[in-house]
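Enquirer: Here it is: the structure, laid out below.
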Amino acid sequence: MTPASGRRNTTMAWADDSSLGLHRRALLRFKPGGPSTVLLVKKHRDTEASQKLEQLATWLRGRGVQVLVERQVLAEFPHLEACSGNDVHSVDLCITLGGDGTVLHLASLFADDARPIPPVISFAMGTLGFLTPFSAGEAEAVLAKLLWPPWQAEPVFCTLRTRRQCEVYWAGRMQRVHMVLNECLVDRGASPAMVLLECFVDGRHATTVQADGLIIAPPSGSTAYSMSAGGPMVAPSVPCTIITPVAPHSLSFRPLVVPENSVIEVHLPSNSRAQARASFDGRHAMRMLRDSSIVCRASRYALPMINRHPLDEDWYEGITQKLRWTGSLRPLTSVTHPPRDRT
């Protein structure tokens, strides 16, 4: 524990892991000359995204930037360089062309939590998303303004979006680890029966629920599946984790918000009527055997997402414009009815 303050005969110390800082908003600044290596990730099997990647790669290379792409799209862009597994941590900037799914795919490339993640700027390609504050049509203008002279004039606003490290255990042994930005979902899969799940928070039994499933989500996932299941919308800079049931067989089980540094365990007991299925950010689906568990904890390194506006303004703009949150409920001032047939 690290001492935090002291007065007279009373002392206070941090009980939380000091490595998990709760700072979520940052100002980003590149060194003079801007980024030297950029990773471009595009929406899969999208012609428009491919054309934009080609255009943006040409523009970046004209500024002396080394451009990397994923190996699986190298056939489309043979004149560019492929990014291997070790290269992702050496790039200065990641650029996505697509929607939220493309951002989730990019995050999955950083499969471990051992090293910091480079900053990410996302350009929307005509899809609904909360992680893509910029449009693809303004990509060159935005990058020129943010990253190159006079880069000193304006700060680059950044939100540190935390992920969750999800450890899968069976028979007391860790089987695999997944990093999620949106959610970890444990559900009944193809079984017609509800699944029985035990939930523990910081080692303490919180609840046992019969439901279609249970969602563990960081704030970035609060506007995804968790919201559809009745969970709260949470601003990305709030340090918390959301536990949301999916169709629980209970009138009292409501979504739960716990501290970000809490360790959450979802256990499938041996007396569950059905086996379960787990998925991580909508991918890597796997079958959960009885007496297996998933332990979710906050990641050490967050995903730095470049914003258009300071603080959480991009997020509020997204929920009001894309979800019509707080839309007007006023009745129409006048209604025109078709004339009635009086015959």
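Here our numbering is used: the first residue of the sequence shown is 1, the next is one more, and so on. Don't be surprised by glycine CBs; every beta carbon is placed ideally from N, CA and C.
1. Quick check on this structure: which residue in Y301, R29, Q321 and A49 has the alpha carbon closest to the alpha carbon of T102?
2. Would you report the Cα separation of P304 and Y169, rounded to the nearest angstrom?
3. Considering just the uninterrupted stretch of the beta strand (DSSP E) at Y301, what are its terminal residues?
4. I want to know whether the region 172–189 touches the region 212–228 - three or more CB-CB distances under 8 Å.
5. As a quick exercise: from E313, A276 and C199, pick the residue whose alpha carbon is nearest that of I242.
6. Starting from the C-beta of A139, find all residues in its chain whose C-beta is less than 6 Å away, skip the five residues before and the five after it, and write them out in chain order.
7. For a test of the three-state rule: what should DSSP assign to I117, helix, strand or coil?
8. Using the Cα positions of Y316 and A235, report the straight-line distance between them to the nearest angstrom.
9. Can you name, in chain order, every residue of its own chain whose Cβ lies under 6 Å from the Cβ of V142, other than the five neighbours on each side?
10. With a Cβ-Cβ cutoff of 7 Å, do P357 and L93 count as a contact?
11. Nearest to P118 by alpha carbon, out of L53, T244 and A302?
12. What residues in its chain sit with their C-beta under 6 Å from that of F77, if we drop five residues either side in the sequence?
13. With H, G and I counted as helix, E and B as strand and the rest as coil, what does DSSP make of R277?
14. Buried or exposed for G137, going by 16 or more other Cβ atoms inside 10 Å?
15. On the DSSP bridge assignment, give the partners of F77 in chain order.
16. So, under 8 Å CB-CB, V73 and K42 are touching, yes? Tell me the CB distance rounded to an integer number of Å.
17. Note the first and the last residue of the continuous beta strand (DSSP E) segment covering W315.
18. Who are Q165's beta bridge partners in DSSP?
19. If A298 and N261 are in contact, beta carbons under 8 Å, what's the gap, nearest whole angstrom?
20. Is it the case that the Cβ atoms of T159 and N271 are separated by a distance below 7 Å?
Expert: According to the data block:
1. Shortest Cα-Cα distance from T102 to any of Y301, R29, Q321 and A49 involves A49.
2. Pairing P304 with Y169, the inter-Cα distance amounts to about 29 Å.
3. Careful: Y301 lies outside any beta strand (DSSP E) and carries neither H nor E.
4. Touching, yes.
5. Looking at the Cα atoms, C199 is the closest of the given residues.
6. Same-chain partners within the cutoff: L56 and F123.
7. Note: I117 maps to coil in three-state DSSP.
8. So the alpha carbons of these two residues sit roughly 8 Å apart.
9. Counting only residues of its own chain and dropping the five nearest sequence neighbours on each side, V142 has a CB closer than 6 Å to the CB of F134.
10. Because the chain in this structure spans residues 1 to 343, residue 357 falls outside the shown range and cannot be described.
11. Ranking the options by Cα distance to P118, first place goes to A302.
12. Non-local beta-carbon contacts of F77 in its own chain, meaning distances under 6 Å to residues more than five positions away in sequence, involve V69 in chain order.
13. Note: R277 maps to strand in three-state DSSP.
14. So G137 ends up on the exposed side.
15. None; F77 has no bridge partner.
16. Contact holds; Cβ gap of about 7 Å.
17. Bounds of any beta strand (DSSP E) do not take in W315; it lies within the alpha helix (DSSP H) bounded by E313 to Q321.
18. By DSSP's assignment, Q165 forms a beta bridge with M179 and R297.
19. Indeed they touch by this definition, with Cβ atoms about 6 Å apart.
20. Cβ distance not < 7 Å, so T159 and N271 don't count as in contact.
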